[in-house]
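By this note's numbering, the letter at position 51 of the sequence shown is numbered 223, and the numbering carries on one by one without gaps.
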Amino acid sequence: MTAPAEARAQAERTAPSDLAGWRVLVPWSGERGERMARRVRARGGDPVLAELVRAVPPVDERPLDAALARLAAGDVAWLVLTSARAARVLVDHGATVPAGTRVAAVGSATARAAQAIAGVRADEVLVPADHSAAGLVAALPAPAEPGTTVVLPRSAQAHDTLARGLAGRGWTVADPVAYRMIGVALDQRVIEDVRRGALDATLVTSGTVARQIAIQFGAARTQTALVAMGPQTADDARAVGLEVAAVADPHDAEGLLDAVAGLAARGRRAAGATTISRSPRSHGRM
(Lines of atoms letter the chains of each structure in order from A and count residues from 1; the text may use other names and numbers.)
(Lines give C-alpha, C1' and ligand atoms only; values in the text may rest on other atoms or scores of the structure.)
Protein backbone atom coordinates (compact mmCIF):
# COMPACT_ATOMS: atom_id res chain seq x y z
CA MET A 1 0.00 0.00 0.00
CA THR A 2 1.37 3.44 -0.93
CA ALA A 3 1.87 6.08 1.75
CA PRO A 4 -1.12 8.23 0.64
CA ALA A 5 -3.37 5.16 0.43
CA GLU A 6 -2.23 3.99 3.85
CA ALA A 7 -2.87 7.45 5.32
CA ARG A 8 -6.34 7.50 3.78
CA ALA A 9 -7.11 4.02 5.11
CA GLN A 10 -5.97 5.07 8.59
CA ALA A 11 -8.14 8.20 8.43
CA GLU A 12 -11.14 6.09 7.43
CA ARG A 13 -10.54 3.69 10.33
CA THR A 14 -10.45 6.53 12.85
CA ALA A 15 -13.20 8.72 11.35
CA PRO A 16 -16.40 9.21 13.37
CA SER A 17 -19.40 7.10 12.37
CA ASP A 18 -21.74 10.07 12.63
CA LEU A 19 -23.48 9.30 9.32
CA ALA A 20 -24.26 5.67 10.14
CA GLY A 21 -27.57 4.61 8.62
CA TRP A 22 -27.85 7.66 6.38
CA ARG A 23 -27.99 7.47 2.59
CA VAL A 24 -26.53 10.62 1.07
CA LEU A 25 -26.95 11.73 -2.54
CA VAL A 26 -23.71 13.15 -3.97
CA PRO A 27 -24.52 15.18 -7.13
CA TRP A 28 -21.17 14.53 -8.80
CA SER A 29 -19.62 11.75 -10.86
CA GLY A 30 -16.06 10.79 -11.72
CA GLU A 31 -13.12 11.21 -9.37
CA ARG A 32 -14.67 14.19 -7.63
CA GLY A 33 -17.74 12.14 -6.80
CA GLU A 34 -15.65 9.19 -5.68
CA ARG A 35 -13.65 11.40 -3.31
CA MET A 36 -16.83 12.61 -1.67
CA ALA A 37 -18.22 9.07 -1.60
CA ARG A 38 -15.12 7.93 0.30
CA ARG A 39 -15.66 10.71 2.82
CA VAL A 40 -19.28 9.64 3.32
CA ARG A 41 -18.31 5.98 3.75
CA ALA A 42 -15.51 6.92 6.16
CA ARG A 43 -18.14 8.47 8.40
CA GLY A 44 -20.43 5.45 8.23
CA GLY A 45 -22.82 6.74 5.58
CA ASP A 46 -24.06 5.17 2.35
CA PRO A 47 -23.28 7.42 -0.65
CA VAL A 48 -25.30 7.45 -3.85
CA LEU A 49 -23.50 9.09 -6.78
CA ALA A 50 -25.90 10.81 -9.16
CA GLU A 51 -24.54 13.50 -11.45
CA LEU A 52 -26.97 16.42 -11.66
CA VAL A 53 -24.90 18.97 -13.60
CA ARG A 54 -21.98 18.87 -15.99
CA ALA A 55 -19.47 21.51 -17.08
CA VAL A 56 -19.11 22.30 -20.78
CA PRO A 57 -17.04 24.95 -22.59
CA PRO A 58 -18.40 28.48 -22.96
CA VAL A 59 -20.18 29.44 -26.16
CA ASP A 60 -17.34 31.85 -26.97
CA GLU A 61 -13.85 31.10 -25.60
CA ARG A 62 -12.19 34.21 -27.03
CA PRO A 63 -12.62 36.36 -23.88
CA LEU A 64 -11.04 33.58 -21.81
CA ASP A 65 -8.15 33.21 -24.24
CA ALA A 66 -7.57 36.97 -24.21
CA ALA A 67 -7.55 37.09 -20.40
CA LEU A 68 -5.11 34.17 -20.20
CA ALA A 69 -2.82 35.87 -22.72
CA ARG A 70 -2.74 38.95 -20.47
CA LEU A 71 -2.08 36.71 -17.50
CA ALA A 72 0.88 35.01 -19.19
CA ALA A 73 2.27 38.39 -20.27
CA GLY A 74 2.40 39.61 -16.68
CA ASP A 75 -0.30 42.26 -17.12
CA VAL A 76 -2.39 40.88 -14.26
CA ALA A 77 -1.83 41.44 -10.53
CA TRP A 78 -4.04 38.64 -9.21
CA LEU A 79 -5.63 35.45 -10.52
CA VAL A 80 -8.71 34.70 -8.43
CA LEU A 81 -10.22 31.21 -8.52
CA THR A 82 -13.63 30.37 -7.10
CA SER A 83 -13.73 26.67 -7.98
CA ALA A 84 -11.48 23.71 -8.66
CA ARG A 85 -13.27 23.39 -12.00
CA ALA A 86 -12.06 26.84 -13.06
CA ALA A 87 -8.51 25.82 -12.15
CA ARG A 88 -8.81 22.67 -14.26
CA VAL A 89 -10.05 24.71 -17.23
CA LEU A 90 -6.96 26.90 -16.97
CA VAL A 91 -4.74 23.82 -16.90
CA ASP A 92 -6.48 22.50 -20.02
CA HIS A 93 -5.87 25.84 -21.73
CA GLY A 94 -2.17 25.78 -20.87
CA ALA A 95 -2.39 28.86 -18.64
CA THR A 96 0.81 30.19 -17.07
CA VAL A 97 1.07 32.37 -13.98
CA PRO A 98 4.23 34.53 -14.07
CA ALA A 99 6.30 35.20 -10.98
CA GLY A 100 4.85 38.65 -10.34
CA THR A 101 1.21 37.54 -10.29
CA ARG A 102 -0.47 36.47 -7.04
CA VAL A 103 -3.11 33.72 -6.81
CA ALA A 104 -6.13 33.55 -4.51
CA ALA A 105 -8.50 30.60 -4.11
CA VAL A 106 -11.86 30.46 -2.38
CA GLY A 107 -11.02 27.29 -0.43
CA SER A 108 -8.49 24.53 0.15
CA ALA A 109 -9.83 22.24 -2.60
CA THR A 110 -9.59 25.06 -5.13
CA ALA A 111 -6.10 25.91 -3.89
CA ARG A 112 -5.01 22.30 -4.40
CA ALA A 113 -6.39 22.31 -7.94
CA ALA A 114 -4.59 25.59 -8.64
CA GLN A 115 -1.24 23.93 -8.00
CA ALA A 116 -1.56 22.17 -11.36
CA ILE A 117 -1.45 25.53 -13.17
CA ALA A 118 2.02 26.31 -14.49
CA GLY A 119 3.82 28.80 -12.24
CA VAL A 120 1.61 28.34 -9.17
CA ARG A 121 3.33 27.44 -5.91
CA ALA A 122 1.25 25.82 -3.19
CA ASP A 123 2.68 27.98 -0.41
CA GLU A 124 1.85 31.19 -2.25
CA VAL A 125 -1.89 30.68 -2.83
CA LEU A 126 -3.99 32.98 -0.67
CA VAL A 127 -6.99 31.21 0.88
CA PRO A 128 -9.33 33.37 3.00
CA ALA A 129 -10.59 32.08 6.34
CA ASP A 130 -14.12 32.80 5.08
CA HIS A 131 -14.53 30.54 2.03
CA SER A 132 -16.88 32.86 0.16
CA ALA A 133 -16.99 35.75 -2.28
CA ALA A 134 -17.08 38.18 0.64
CA GLY A 135 -14.07 36.43 2.15
CA LEU A 136 -12.09 36.81 -1.06
CA VAL A 137 -12.98 40.50 -1.39
CA ALA A 138 -11.83 41.12 2.18
CA ALA A 139 -8.65 39.06 1.78
CA LEU A 140 -7.30 40.81 -1.29
CA PRO A 141 -5.44 44.06 -0.58
CA ALA A 142 -6.45 47.25 -2.31
CA PRO A 143 -4.63 47.76 -5.62
CA ALA A 144 -1.39 49.72 -5.48
CA GLU A 145 -2.48 51.69 -8.54
CA PRO A 146 -5.96 52.39 -9.93
CA GLY A 147 -6.89 50.18 -12.84
CA THR A 148 -4.73 47.24 -11.80
CA THR A 149 -6.26 44.05 -13.19
CA VAL A 150 -7.62 40.93 -11.54
CA VAL A 151 -8.52 37.92 -13.69
CA LEU A 152 -11.54 36.00 -12.40
CA PRO A 153 -12.41 33.00 -14.60
CA ARG A 154 -15.96 31.97 -13.76
CA SER A 155 -18.99 29.88 -14.53
CA ALA A 156 -21.54 31.35 -16.93
CA GLN A 157 -24.07 31.04 -14.08
CA ALA A 158 -21.88 32.71 -11.43
CA HIS A 159 -23.23 35.61 -9.39
CA ASP A 160 -21.49 38.94 -9.88
CA THR A 161 -20.98 39.43 -6.12
CA LEU A 162 -17.22 38.86 -6.25
CA ALA A 163 -16.60 40.90 -9.39
CA ARG A 164 -18.62 43.82 -8.01
CA GLY A 165 -16.88 43.59 -4.66
CA LEU A 166 -13.41 43.67 -6.20
CA ALA A 167 -14.37 46.51 -8.53
CA GLY A 168 -15.66 48.40 -5.51
CA ARG A 169 -12.21 48.18 -3.96
CA GLY A 170 -10.59 49.71 -7.03
CA TRP A 171 -9.64 46.65 -9.09
CA THR A 172 -10.26 46.35 -12.80
CA VAL A 173 -11.90 42.94 -13.11
CA ALA A 174 -11.62 40.70 -16.17
CA ASP A 175 -14.12 37.90 -15.53
CA PRO A 176 -14.27 35.70 -18.64
CA VAL A 177 -16.59 32.70 -18.71
CA ALA A 178 -14.42 29.60 -18.30
CA TYR A 179 -17.26 27.06 -18.40
CA ARG A 180 -21.02 26.74 -18.19
CA MET A 181 -23.09 24.20 -16.33
CA ILE A 182 -25.83 22.13 -17.94
CA GLY A 183 -28.31 19.76 -16.32
CA VAL A 184 -27.94 15.98 -16.51
CA ALA A 185 -31.05 13.77 -16.47
CA LEU A 186 -31.05 11.51 -13.42
CA ASP A 187 -31.44 7.77 -13.59
CA GLN A 188 -35.09 6.94 -12.92
CA ARG A 189 -34.06 4.76 -9.97
CA VAL A 190 -32.73 7.83 -8.18
CA ILE A 191 -36.01 9.67 -8.71
CA GLU A 192 -37.87 6.65 -7.34
CA ASP A 193 -35.59 6.57 -4.28
CA VAL A 194 -36.27 10.25 -3.65
CA ARG A 195 -40.04 9.80 -4.00
CA ARG A 196 -40.19 7.00 -1.44
CA GLY A 197 -37.91 8.74 1.04
CA ALA A 198 -34.98 6.36 0.60
CA LEU A 199 -32.39 9.17 0.42
CA ASP A 200 -31.90 10.80 3.80
CA ALA A 201 -29.90 13.79 2.58
CA THR A 202 -28.94 15.44 -0.70
CA LEU A 203 -25.86 17.64 -1.02
CA VAL A 204 -26.68 20.93 -2.72
CA THR A 205 -23.28 22.10 -3.90
CA SER A 206 -24.23 25.05 -6.12
CA GLY A 207 -27.12 27.10 -7.40
CA THR A 208 -27.16 25.08 -10.62
CA VAL A 209 -27.49 21.87 -8.62
CA ALA A 210 -30.34 23.47 -6.66
CA ARG A 211 -32.16 24.31 -9.89
CA GLN A 212 -31.83 20.74 -11.15
CA ILE A 213 -33.17 19.40 -7.84
CA ALA A 214 -36.20 21.68 -8.17
CA ILE A 215 -36.77 20.57 -11.76
CA GLN A 216 -36.07 16.85 -11.48
CA PHE A 217 -37.20 16.02 -7.93
CA GLY A 218 -40.43 17.98 -8.27
CA ALA A 219 -42.77 17.61 -5.31
CA ALA A 220 -40.60 14.76 -3.99
CA ARG A 221 -37.88 17.25 -3.00
CA THR A 222 -39.45 17.41 0.47
CA GLN A 223 -38.64 13.71 0.94
CA THR A 224 -34.89 14.30 1.37
CA ALA A 225 -33.03 16.75 3.62
CA LEU A 226 -31.28 19.35 1.46
CA VAL A 227 -27.88 20.48 2.74
CA ALA A 228 -26.34 23.55 1.08
CA MET A 229 -22.64 24.23 0.55
CA GLY A 230 -22.90 27.79 1.86
CA PRO A 231 -25.18 30.81 2.38
CA GLN A 232 -25.22 31.83 -1.30
CA THR A 233 -26.13 28.30 -2.40
CA ALA A 234 -28.80 28.19 0.31
CA ASP A 235 -30.25 31.46 -0.99
CA ASP A 236 -30.19 30.11 -4.55
CA ALA A 237 -31.99 26.97 -3.38
CA ARG A 238 -34.69 28.92 -1.56
CA ALA A 239 -35.13 31.14 -4.62
CA VAL A 240 -36.26 28.10 -6.63
CA GLY A 241 -38.62 26.92 -3.91
CA LEU A 242 -36.42 24.46 -2.02
CA GLU A 243 -36.43 24.07 1.75
CA VAL A 244 -32.86 23.98 3.08
CA ALA A 245 -32.37 21.76 6.13
CA ALA A 246 -28.79 22.82 6.91
CA VAL A 247 -25.93 24.97 5.60
CA ALA A 248 -22.28 23.90 5.63
CA ASP A 249 -19.86 25.86 7.81
CA PRO A 250 -17.08 25.88 6.71
CA HIS A 251 -18.24 25.90 3.09
CA ASP A 252 -16.36 22.82 1.92
CA ALA A 253 -16.70 19.03 1.63
CA GLU A 254 -16.15 18.31 5.32
CA GLY A 255 -18.42 21.19 6.27
CA LEU A 256 -21.18 19.65 4.15
CA LEU A 257 -20.83 16.30 5.86
CA ASP A 258 -20.63 17.95 9.29
CA ALA A 259 -23.95 19.62 8.50
CA VAL A 260 -25.47 16.27 7.49
CA ALA A 261 -24.07 14.73 10.67
CA GLY A 262 -25.73 17.49 12.67
CA LEU A 263 -29.08 16.52 11.16
CA ALA A 264 -28.39 12.85 11.86
CA ALA A 265 -27.54 13.60 15.49
CA ARG A 266 -30.85 15.39 15.91
CA GLY A 267 -32.74 12.68 14.04
CA ARG A 268 -33.85 15.21 11.43
CA ARG A 269 -34.63 13.14 8.39
CA ALA A 270 -37.04 14.64 5.89
CA ALA A 271 -40.67 14.00 6.74
CA GLY A 272 -41.06 11.08 4.36
CA ALA A 273 -37.60 9.56 4.69
CA THR A 274 -37.21 5.92 5.64
CA THR A 275 -34.16 3.90 6.59
CA ILE A 276 -33.20 1.37 3.93
CA SER A 277 -30.03 -0.68 4.17
CA ARG A 278 -28.25 -0.98 0.84
CA SER A 279 -24.81 -1.32 -0.59
CA PRO A 280 -23.36 1.95 -1.95
CA ARG A 281 -24.16 2.40 -5.61
CA SER A 282 -23.74 4.83 -8.41
CA HIS A 283 -26.52 6.20 -10.58
CA GLY A 284 -26.64 8.50 -13.54
CA ARG A 285 -24.17 9.11 -16.32
CA MET A 286 -20.59 8.67 -15.26
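Backbone N, C-alpha and C define an ideal beta-carbon position, used for all residues, glycine too.
| query | result |
| --- | --- |
| Span of the alpha helix (DSSP H), counted from its first residue to its last, around alanine 417 | Unbroken run through alanine 417 is the beta strand (DSSP E), 416-419; no alpha helix (DSSP H). |
| Alanine 411 versus Gly355, Trp194, Gln384 and Ala433, residue with shortest Cα-Cα distance | Gln384 |
| Sub-8 Å separation of glycine 309 and leucine 338 beta-carbons | First, the residue type needs correcting, since residue 309 is valine and not glycine in the sequence shown. Their beta carbons are under 8 Å apart, which means valine 309 touches leucine 338 by this criterion. |
| Close-in-space but distant-in-sequence residues of the same chain around alanine 460 (CB under 7 Å, 5 per side omitted) | Nothing in the structure corresponds to residue 460, since the chain is present only between 173 and 458. |
| Cβ contact (3+ pairs, closer than 8 Å) linking the stretch 358-368 and the stretch 333-350 | no |
| CB of histidine 303 within 8 Å of CB of glycine 342, strictly | no |
| Inter-stretch contact (C-beta, 8 Å, three-pair minimum) for the stretch 192-210 and the stretch 412-423 | no |
| C-beta contact flag for valine 376 and threonine 405 at 8 Å | yes |
| Segments of 4+ residues assigned as alpha helix (DSSP H) that fall wholly inside the stretch 250-284 | 256-264 |
| Sequence ranges, beta strand (DSSP E) only - wholly within the stretch 301-373, length at least 3 | 321-323, 344-346 and 349-355 |
| Counted within 10 angstroms of its Cβ, other Cβ atoms place valine 228 as buried (16 or more) or exposed | exposed |
| Where glutamate 426 falls, given that 16 or more other Cβ within 10 Å makes a residue buried | exposed |
| Option nearest valine 399 by Cα separation, candidates Val416, Ala306 and Pro230 | Val416 |
| Closest residue to alanine 214 among Glu223, Ala222, Gly193 and Arg234 (Cα-Cα distance) | Gly193 |
| Proximity below 8 Å, CB of glutamate 261 to CB of valine 381 | Reading off the sequence, residue 261 comes out as valine, not glutamate. Contact flag unset, no. |
| In DSSP terms, what valine 212 is bridged to | DSSP, once it has assigned bridges, lists no residue as partnering valine 212. |
| Cα-Cα separation between isoleucine 307 and threonine 333, rounded to whole angstroms | Inspection of the sequence shows that residue 307 is occupied by glycine rather than by isoleucine. Each residue's alpha carbon lies about 11 Å from the other. |
| CA-to-CA distance, proline 325 to arginine 284, given in whole angstroms | 17 Å |
| Environment of arginine 393 [buried if 16+ CB atoms lie within 10 Å] | buried |
| Separation of histidine 331 from threonine 273, as counted between CA atoms | 25 Å |
| Rounded C-alpha distance that separates alanine 288 from arginine 368 | 43 Å |
| With 16 other Cβ atoms within 10 Å as the buried cut-off, status of proline 219 | buried |
| Beta-carbon proximity list for threonine 344, same chain, < 6 Å, skipping 5 on both sides | Gly319 and Thr321 |
| When Ser255, Arg210, Pro188 and Gly266 are compared against aspartate 237, the one with the closest alpha-carbon | Gly266 |
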